[in-house]
Structure formats: C-alpha cells, structure tokens
Amino acid sequence: MKLMVIGGGGREHAIIKKLRENPAVDTIWALPGNGGIAADATCVPIKATDIDGIVRFAKENPVDYAVVAPDDPLVLGCVDALEAIGIPCFGPRKNAAIIEGSKVFSKDLMKKYGIPTAEYRVFDNAEDALEYLKEAPIPTVVKADGLALGKGVTVAMTREDAEAAVREAMEDKKFGASGDQIVIEEYLEGPEVSVLSFTDGTTVVPMISSMDHKRAGDGDTGPNTGGMGTVAPNPFYTDAVAAQCMETIFLPTIRAMKAEGREFRGCLYFGLMITKDGPKVIEYNCRFGDPETQVVLPLLESDLLTVMQAVTAGKLAECEVKFRDANACCVVLASAGYPVAYGKGYEITIPADVLPHVYVAGAAEKDGKLVTSGGRVLGVTAVADTLRAARDEAYAMADRIEFENKYCRRDIAARALNA
Ligand code: AMP
Ligand code: GLY
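The sequence shown begins at 1233 in this note's numbering and counts up by one.
The following block contains the structure:
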C-alpha cells in the first residue's frame, strides 16, 4: 500500500507512525511533512493548502489511499478533489468540513437539532455587536466565524476585552474574511474534555477521551497556544458522562449532518465542557486534534489503516476499534517565547531510545541535522498503567532531549491527577 498523508505537524507524525505499524504499508508520502517526519515518511515539499499541487502529485504517483489531516485543506475541499481523480480518502468532504469551517454553521446546526451548547448571537457588523455587548452578561466569548489559525476565540472577562475582540475581528479584519461574521456566546464553566471520534456518517465510535493544556504557562496562565501537552483518558469523562454525550451530542450530530445532506466521514472532534447542566459542545473540529492525537493514537490497539478504510467505505459498524486500558501523557517541548516571539534554527538532540516516543511538529533538516523551525518543536509521549507513571516517564524523556531555549510546562497532567 502506498499512502499519502497531508500535513506536517506533530499530529501527522503520530498518524504516520501508527499507519507504519501495518506491514502492508510500504510507502508513505507526507505533504509537506517536516524534518522529523522525514525519518518515517518521504516528505514532498507541497503545502497542505496547495490543493492543485496535491492533486498533481497524486496523479503522478501510485497513491492508493490519502489521509487529509489539517483543517484548512479539508475546508478547501481537498478530499473532494482527490476523490474526483479516484483516490479514496480519510477525511470529510468540503460540505461536511464546514462544521469546523464556520462557527455560525455549527451553532445554527446545534440549535436546529437541539444539541446542547452555549447560548449565542450572530453578528455581521461591528455596530450591532458592540450595541449588544453593552447589556450582555460578562464574561462572554467572542468567536470569529471562520478558520483563524486557532486564534479566533476570545474568552472576555471584561466588557472592554469583548469590545476589543469585536473590533479586531470586524473592523481591523485581523482574521480576514473569517471575521466577516462573529458569534458572541454564553460563557460556560466546567472541566473541558476532548473526544475524537471515528464516523462514517452513520456509525460513530468515540476514541479514548483526552485533555489538552492550551495555555503557555504552568497553572494555566499566559497566552493561548496550539497546545502544550495532553493526557488520555480524561478523568472528567466518566462512563455516565460518556453515555450522556453519546445520546445528546454524538449521535444527534452525526444524524443532523446526514439530514442536512452533509454526511461526515472521517474524524469528528468534539470539544466539550462538562457543565453543571451536563455536557455541552464548545466546538467541533473536522479532524484529529493536535496534540490530542499524540496521546490517543498510541493507545489505539486496532490497526489504524483498517479503521480508516472502514470509515471511507461506510463500514465502520463492522470494524472493531479497541483502545488499551492504559494512560498516556504527552509533553510538548517549545522554543522559549512561544507563542509570541522565539528563535529558530537550534540543533535538536534526541537519544535513540526516546526517538520512538517523539512526534516532531516544528523541525527542519539542515546539513544532515535536525534543527528547530517552529514554536512548538515536538511532543514526547509515554504510555503506562497509571497516569502518574506516564507523566513521570514523559518528563524523564523530555528532559533528555536537548536544544537551545527549550521550554515546556512542568505541570502537564496535574489537573487530571488532582481530579
Ligand atoms: P480555541 O482552541 O482557540 O478554539 O480555544 C477555544 C477555547 O476557548 C476552549 O478550549 C475553551 O477553553 C474556551 N471557550 C470557548 N468557548 C467557550 C465558552 N462558551 N465558554 C467558556 N470558554 C470557552
Ligand atoms: N488541540 C485542539 C485542536 O486541535 O484544535
């Protein structure tokens, strides 16, 4: 089997390492991949958003199956374009990827189908939004409608912060057309849980739950980041909560998408808040989460390619999806200063016994050496019987990886261990 994986971060590295476990896989092309992924796949310098380039590559090479991992190519219709030239894909088509691509769409979908989520209002001009904010309950949450590199959400603790977020999105056009519409929604409280799921549009199989750590600093302080670490499973996701989520959120969402003629096939990510009134949807993502994937896939016992192909074929109900009864912890190593300003180009040294546990996010190859090229450089994941042991092992490995200006949070898993 010859596979093509679109994307080039830690999530894609985790997907590629898992796909490699299937002995039938002989070639994996990563578009574009990165300097670390190059150890496990053939990297091809075509950007994940260059749909024409991806299609051209797929026509010129014997690609049997494609996995489209990031949000932007999915929202741009990468799967539709590859299917049009006869390549089966893992990932939703454009008309289903909109569940992440437009917050207005997803909020309206939830409202129409009675799926629990925060109360909200939609605005298409700053004047009305600012008028509404004069009376709105504070804290509140301001969200740009479209994709915004993970920066389109402002949890505003004051009226001034909320107004500033509206002005940035709608007047300064900080997120371009993604801010043409905004959602202002009710502030929810409770522990957050990420649940990635496999779905073929009819059957939905939740993966093991996980917890992200989004803030840059210990104790959940500092700016929001792409994620500084994860654990799985998430202790707040009890069996009772899981059952409630299946009944009130997962199945209703899959059915709603199908009823709208937008059958979702791929990985649907449910970002949930476990409020005192039950679980509510904070956001949907049309893809695997990053760095959730780096703890979820190491716990997957079943063969990933088999499950993905069952999703594509609409035969997920016939496929066994098993997770190990164990705990995983991923610690992200970043460059000091991330997400604001940081240096690049520092040589990275990874001990050989640690390498199998490493998922590279932002590194390039330079003169035969691996050097840092992004804010989040890599993630290192340990699996153990207890979360405490997984955490200790992940940090022990993280401490043996070296590069200048290396930074990581020291409290990944603390919240879960205190739960
Ligand atoms: P992002 O990954 O940029 O979409 O960040 C969204 C984050 O904002 C979530 O993980 C939550 O922590 C927070 N958030 C989003 N919506 C709400 C809400 N309605 N109430 C409280 N926090 C929220
Ligand atoms: N970790 C959150 C996301 O992938 O959007």
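Where a beta carbon is used, it is the ideal one built from N, C-alpha and C, also for glycine.
Counting the other Cβ atoms within 10 Å of the Cβ of N1466 gives 16 or more, which makes it buried. Summarising the contact set, residues whose Cβ lies nearer than 6 angstroms to any heavy atom of the ligand GLY are, in chain order, D1444, G1459, N1517, G1521, D1522 and E1524. Straight-line measurement puts the Cα of K1279 at about 38 angstroms from the Cα of L1362. Note that the region 1325 to 1334 does not touch the region 1546 to 1557; fewer than 3 beta-carbon pairs, one per stretch, sit closer than 8 angstroms. The ligand AMP has no heavy atom closer than 8 angstroms to the beta-carbon of I1331. Look at R1353 here: in three-state DSSP terms it is strand.
Judged by DSSP in its simplified three-state form, F1496 adopts coil rather than helix or strand. Nearest C-alpha to R1647 among A1616, T1462 and L1529: T1462. Taking C-beta separations shorter than 7 angstroms and ignoring five residues to either side along the sequence, the partners of K1601 in its chain run E1579, following chain order. Out of E1495, T1434, T1544 and A1464, the CA that lies nearest to the CA of L1483 is found in T1434.
No Cβ-Cβ contact shorter than 9 angstroms links P1320 with Y1352.
Under the three-state reduction of DSSP, I1514 is assigned to strand. Measuring C-alpha to C-alpha distances from I1238 to each of A1256, D1258, G1285 and Y1419 identifies G1285 as the nearest.
Relative to the Cα of R1641, the nearest Cα in the group G1411, G1454, I1506 and A1573 belongs to G1454.
In this structure, E1418 has its CB closer than 8 angstroms to one or more heavy atoms of the ligand AMP. D1444 has T1462 as its beta-bridge partners, per DSSP. Sorting V1299, E1524 and M1233 by C-alpha distance to the C-alpha of Y1591 places E1524 at the top.
Out of V1287, V1336, D1303 and D1340, the CA that lies nearest to the CA of E1315 is found in V1287. The C-alpha of I1582 lies about 19 angstroms from the C-alpha of I1248. Between the ligand AMP and A1388, a heavy atom-to-CB distance of less than 8 angstroms is absent. Shown here, F1289 sits in a helix according to DSSP, grouped into three states. In the structure shown, T1390 adopts coil according to DSSP, grouped into three states. Collapsing the DSSP output to three states places S1426 in a strand. A1488 and F1520 have their C-alpha atoms roughly 20 angstroms apart. With a cutoff of 9 angstroms on beta-carbon distance, D1522 and A1448 are scored as not near each other.
In this structure, the beta-carbon distance from Y1570 to Y1627 does not fall below 9 angstroms. Burial check for G1408: the Cβ neighbour count within 10 Å stays below 16, so the residue is exposed.
Using a Cβ distance threshold of 9 angstroms, M1389 and V1436 do not count as a contacting pair. Annotated as proximal: T1457 and G1607, with beta-carbon spacing under 9 angstroms. Rounded to the nearest whole angstrom, the C-alpha separation of D1304 and K1512 is 25 angstroms. With fewer than three CB-CB distances shorter than 8 angstroms, the region 1530 to 1540 does not count as touching the region 1415 to 1429.
Remark: the C-beta of G1461 is outside contact range of the ligand AMP, defined as less than 8 angstroms to any heavy atom.
Distance from the CA atom of I1514 to the CA atom of A1256, rounded to whole angstroms, is 39 angstroms.
If the five residues before and after Q1526 are omitted, its C-beta is found closer than 6 angstroms to the C-beta atoms of G1242, A1246, C1562, Y1591, G1611 and T1613, all from its own chain and listed in chain order.
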